[in-house]
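In my numbering, the protein residues as written are 1454 to 1657.
Glycine included, C-beta positions come from ideal geometry on N, C-alpha and C.
First up is the structure itself, then whatever we jot down about it.
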């Protein structure tokens, strides 16, 4: 059951990554601005709630918390995101480098999973190997940044997210299939053991 829930969460993550990748690939500037604006609204609301919570507390308790400072920081950050969402689009190359580092790390982790599967001789390792290689290659391309413009880089990152999501989704389905097959084999083995026990009992 735990394996199923883990794989289900992985599948949801893949779908979200696929959706974000498609939106970035289609219209990166508008999508990023919309996301940053939503984040700004959320931060502002959280900041206001934190400030209100501070003034609800007694002076003694309030002095022991950072609710007021945290709330004001959230409000400032939220207002900045709402008023100037285009700033994040301007610093996108930096964000792309961060994303490149993240998928490079995940690619190396996937590579160890592939080696583990091969050494343990469990399941199909081809799809995870393709996923690991793809992650590393895409990360290297993003970090090298051979693109002629930011728009091209946006498009490549969106395409990279789509490819990553598709391969990870295929890998997740493969794991679900393997787990289901293993479960079926275990059930058959248990059934065979039960039949043997019944036959022995009847013989006695």
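Contact between residue 1556 and residue 1510 does not hold, since the beta-carbon distance rounds to 43 Å and is not under 8 Å. In the pairwise beta carbon analysis, the region 1611 to 1629 is classified as touching the region 1462 to 1475: at least three pairs are separated by under 8 Å. Following the DSSP letters along the chain, one finds residue 1517 in no alpha helix (DSSP H), marked with neither H nor E. Judged by DSSP secondary structure, residue 1599 falls outside any alpha helix (DSSP H); it is assigned neither H nor E.
Measuring C-alpha to C-alpha distances from residue 1579 to each of 1624, 1525 and 1518 identifies 1624 as the nearest. Take the alpha-carbon of residue 1604 and the one of residue 1494: they are about 26 Å apart. In the DSSP assignment, residue 1543 falls within the alpha helix (DSSP H) that extends over 1539 to 1543. In the three-state reduction of the DSSP assignment, residue 1511 falls in the coil class. If you draw a 10 Å sphere on the C-beta of residue 1587, you find 16 or more other C-beta atoms in it, and that means buried.
Using a Cβ-Cβ distance cut-off of 8 Å, the region 1529 to 1537 and the region 1480 to 1493 are in contact, since at least three pairs of beta carbons, one from each stretch, lie closer than that value. In this structure, the straight-line span from the alpha carbon of residue 1552 to that of residue 1512 is close to 43 Å.
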